[in-house]
Structures are given as structure tokens and as C-alpha cells.
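Engineer: Note that full-length UniProt numbering has the sequence shown beginning at 1, numbered continuously upward.
Cβ atoms here follow ideal geometry from the backbone N, Cα and C, with glycine treated the same way.
Have a look at the structure that comes next, please.
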Amino acid sequence: MKTHSMPRFHKPAWLIVPAVITIVMLTIMARSLNSPTTQANAFSYPFRLDLPGNRDRLKQIQAELSFYKDRVQQAPTSGLNLSALAGTYWKMGKATGEVSWYLLAEKTAQRSLSSLPFDNAGAKLTLAKIAQAQHNFKQTNKITQQILTEQPGNEEAQAILVTSHLATGNLIEADRLVTQLVKSTPTLPTLTLQALVQDARGEASTSQTFEAAIAAEEPGEIGSSAFARVMYGRHYARQGKLQKAESLYQAALEILPNYPLALVQLASLKIRQGKYEAAEQAYNQIVAYSRQEATVFDHVILRGKARIKQLQGQAFTPLLQKAETLLRQETNTGHDATSLEQGSFGHRRELALLLLDRNQPQTNAEALKLMQAEVKVRQDAQTLSALAQAQFRADRHQAAHLSIQKAIATGIADPALFMQAAQIARRLDKPQQAQRYANRATQIDPSFDQQAQRAIGLEI
């Protein structure tokens, strides 16, 4: 799931655009030369975290919840109050990953629209985010287009639309829209979004844009600041620059202790390094933080722990079975559900990958069916890679070759894709092509050795 709500965009472009490049470069230079964090972590948050609402984000959101609940109690049919409450429920869901908050956000936004069907962009934005979290991109685009018809300059709707295009592999349109968005509103969230689009296209400017995003951050943007660092860390991890990646993950955790997204990425890094105990600790930290509530990360944790067991030569199937049960509950209506109650979050691709991890004839066959359906919804590199893996397991090697070539054609610089392509080419008895793919993988990440491959499921 990499959808994340954006803070308010409020600065007029005519004040920002002429100076943004100068400000960004000066900020980067000042941090590198004068910041006391240079010795410890060059990516540390530059603002005080002991200010109210910074260190304990949940308390701040809980205070907002109490405020808007009181407002709704005083005026139960106020569409605006209900819209604000729905948005706050969404914030709580993003902060904790707990599914119950998303359900409350959806129900409250629907109540808001019933009370105020017109001029209610706030409620529609919440529903668009819910649809995106479900991977119901058709519904996401429909809602955001409605908002943009009413409010052509709504930056948050534009950002959601960019994220939707990014998730479905429509990178040309994502790039066009995000370029316009950054031109008018060059802020931490928009620059981070641009960096994600560039990363998906394999553009050399990705790191520079991430740096610009972090340099543009302002006090109080802790959620966006932590998210930007995690995504920047993931970018470095793909290149095998694990020390930089870990520094970014730790910087995110300095901002938001127990941040699930950072802990998941940190655990993946530790698995690659063979530090399985540290990976387990990261996963367990998420579980402890969730207070036994169901979260959108539960299946990720179970699959990660299963991978650790597998790499250690221990029984891993029971953990995969638990994850499978969760994912089946969340994909029982596919991507066409119009409500969280109908099918929760759409994780068809994740279920397929888990079934491929089990690597049984019946699970491989089901995974192929799931991915054949999924590719009709989105064709980003990760989805095409999963399809290729399912086709490969079904001995449809030529089809797998075509799918992985499509994934590579997106431009993403991911050594895993090229090593997967090499594996397929070898099976097709194309040794020279296989070697070219393998060389490209090690060119991106010179340390992409057997342990790195096994950590993500290759060569197991």
C-alpha cells in the first residue's frame, strides 16, 4: 500500500517558485556543513521534536478526534464537521495502520456526503483515499476527477491522481501531472511524489529530487518527513547502498518512533544482511505498537517472518498459512468493492506472491489466475514481475519473458527485475541475454549476491 495523505498546500506559487532552487541548495549546504547531525545521521530531522504534537503524533490526532467528535455531537448532521472527523479518522489509520480507523473514516465520509452532497471536497477526498487503499483505482480516478471538475486547483486531489497513475503503471501521465504540481506547489509532499515517479522511471535525478524534498520540509510535517525518508531509503536499498538506506530508516524512526512503514523496510534490509534476529525485532515492534488490533501490515509481517524461517531452514508454512487467511479475507471481492465492509483492502497481488512462496502446484496455479486478473487493473513493474514469476512457475517461459521485458521497459532500476529476467532467459536457453541481464543487475547493485537474491525469494 504507498498511499499517504498529503498535508495542506497553502503557499502561493508566485512566492515560492522563483526562490525554491536557491533555498533548496542553501539548505542542503547548510546541513552538510553546519548541522551537528552530520556526524551521526545526515538525514536527521532538522527541527525540534520536543514541540507539542511532534514526538507523540497519536496524542495530537487523538486531540483532533475529541474536538471533532464534540462538534459532531453538537451538530450531528453538519456535513463539514463530519468531513473533518472523517479526515481525522483517516489520519489515525495512516499513523497506526489499524483497519478499524479506515472503516470509520469511510462511514463518516459517506454520512458527510449524505448531509452535504455538494461543495464537500473533504469527504470526497477521504473516499478517494479509501478507494486507493483498496486498490480500486477506477473508483479513485472517478472521485478525484469529480473534485477537480469542481475545484481544478485542488492540489490534494491532483496528488491522489498522480499516486493512482503511479500505482497502475501509467508513468507518462503520472510524470506529466506531478511536474505541473511541483511547478505550482514545490513542497515536501509534492517533491516526494515526484521523486517516486522518477524512481519508477529509473531517472538519474531521483536522489536529487528526494534531497530537494527533504530540504523543503517545514516544522510540523512529521508524517510527510518520515515517509520521504523511508522512500528515499528504499531507493538506496535497491542500489545496494544499505548503510545509507538504514540511516534514512533510522532517521524516519527518530521522527516517528514505531513507524510501521520504516520498520517493515528496516526488517527487509536486515533479512538481506542475514541479521535475522534484528529483522524479527523490527517486525515484533510493529506488532507491539498495534496493541493486537488488525493492521494493514499483518500479512507483511507474517510473510517476512516466514521468509526468515525459510532462510534458516526451519518450518515456514504455518506462518504463510496465517498470512494467506488474512489476505483471503481482504481480497474476497477483488478490486471492484465499493466499500471496506465488502472486501477490505485489495491485496490480490500480495496473495499471489504469497501463494508463489508456498510453491505448490495448486498454489502456483491459483497465483497465475490472480495475476492474470491483476494485470488488467495495473501494469506497474512490480505487478508485471509477479505475473512473470507466476508464468515461470507454470512453465510458460516465453510469456514470462514478455512480462518481465514489459516490467524492465518501465525504466525502473531494480536489480531484482534484471536477475529475474536472467533466470527466465537461461530457462529459454538464451545464455548471452541472461548474462546481459545479470550484468545489468550487478551494475545497479554490485553487492546483489546470492544472499540478496535469496532474501527476496530468488534462487530459493
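Going straight from the alpha carbon of E280 to that of K305, what length do you get?
Structural biologist: If you take the alpha carbons of E280 and K305, they lie about 7 Å apart.
Engineer: State the DSSP-derived secondary structure class of T77, mapped to helix, strand or coil.
Structural biologist: In this structure, T77 counts as coil in the three-state DSSP scheme.
Engineer: Less than 8 Å between the beta carbons of S224 and P189, yes or no?
Structural biologist: Taking 8 Å as the Cβ cut-off, S224 and P189 qualify as a contacting pair.
Engineer: Taking a contact to mean a Cβ-Cβ separation below 8 Å, would you say A394 touches N364 in this structure?
Structural biologist: Yes; because the gap between Cβ atoms is below 8 Å, this pair is in contact.
Engineer: Looking at the secondary structure, which residues open and close the alpha helix (DSSP H) in which N364 lies?
Structural biologist: Here the alpha helix (DSSP H) through N364 covers P361 to E374.
Engineer: Can you tell me which of the three DSSP states E98 falls into?
Structural biologist: Looking at E98 - three-state DSSP - the assignment turns out to be strand.
Engineer: Suppose you measure from the CA of residue 461 to the CA of A133; what does that come to, to the nearest Å?
Structural biologist: Because the chain spans 1 through 460 in this model, residue 461 falls outside it and cannot be assessed.
Engineer: If we call anything under 8 Å between Cβ atoms a contact, is L261 one with A237?
Structural biologist: The answer is no: Cβ separation not under 8 Å.
Engineer: Please confirm if the segment 374-381 is in contact with the segment 409-418, defined as three or more CB-CB distances below 8 Å between the two stretches.
Structural biologist: Yes, the segment 374-381 is in contact with the segment 409-418.
Engineer: Classify T295 as helix, strand or coil using the three-state DSSP reduction.
Structural biologist: Residue state, collapsed to three classes: strand.
Engineer: Pairs of beta-carbons, one from the segment 246-257 and one from the segment 113-124, closer than 8 Å: are there three or more?
Structural biologist: No, they do not touch.
Engineer: Can you look up D199 in the DSSP assignment and give me helix, strand or coil?
Structural biologist: Note: D199 maps to helix in three-state DSSP.
Engineer: When you compare each of V377, H347 and S403 to S385 by their alpha carbons, which one comes out closest?
Structural biologist: Checked all of V377, H347 and S403; the closest Cα to S385 is S403.
Engineer: For the alpha helix (DSSP H) that contains T325, what are its first and last residues?
Structural biologist: Per DSSP, T325 belongs to the alpha helix (DSSP H) from T317 to E330.
Engineer: Tell me whether D50 is buried or exposed, calling it buried when 16 or more other Cβ atoms sit within 10 Å of its Cβ.
Structural biologist: Flag for D50 reads exposed.
Engineer: When the cut-off is 8 Å and only beta carbons count, does V264 lie next to chain C?
Structural biologist: Included in the structure is just one protein chain, with no chain C present.
Engineer: Between the Cα of T163 and the Cα atoms of V197, L65, V375 and A399, which residue gives the shortest distance?
Structural biologist: Checked all of V197, L65, V375 and A399; the closest Cα to T163 is V197.
Engineer: Taking the alpha helix (DSSP H) that T442 belongs to, which residues open and close that run?
Structural biologist: Taken as a continuous stretch (DSSP letters only), the alpha helix (DSSP H) holding T442 covers P431 to I444.
Engineer: With a CB to CB cut of under 8 Å and the five nearest residues on each side skipped, what residues in its chain are close to K69?
Structural biologist: Once the five neighbours on either side are set aside, the close Cβ partners of K69 are L85.
Engineer: Do the CB positions of H299 and A315 come within less than 8 Å of each other?
Structural biologist: Contact flag unset, no.
Engineer: G79 to V72, Cα distance in whole Å?
Structural biologist: If you take the alpha carbons of G79 and V72, they lie about 9 Å apart.
Engineer: Would T295 be called buried (16 or more neighbouring beta carbons within 10 Å of its own) or exposed?
Structural biologist: T295 comes out buried.
Engineer: Measuring alpha carbon to alpha carbon, tell me which residue in E330, E293 and G274 is nearest Q310.
Structural biologist: Out of E330, E293 and G274, G274 has the C-alpha closest to the C-alpha of Q310.
Engineer: Near V99, which residues of its chain fall below 6 Å by C-beta distance, leaving aside the five closest residues on each side in sequence?
Structural biologist: Answer for V99: A294, listed in chain order.
Engineer: State the Cα-Cα distance for the pair I456 and P76, rounded to the nearest angstrom.
Structural biologist: Between I456 and P76, the C-alpha separation is close to 50 Å.
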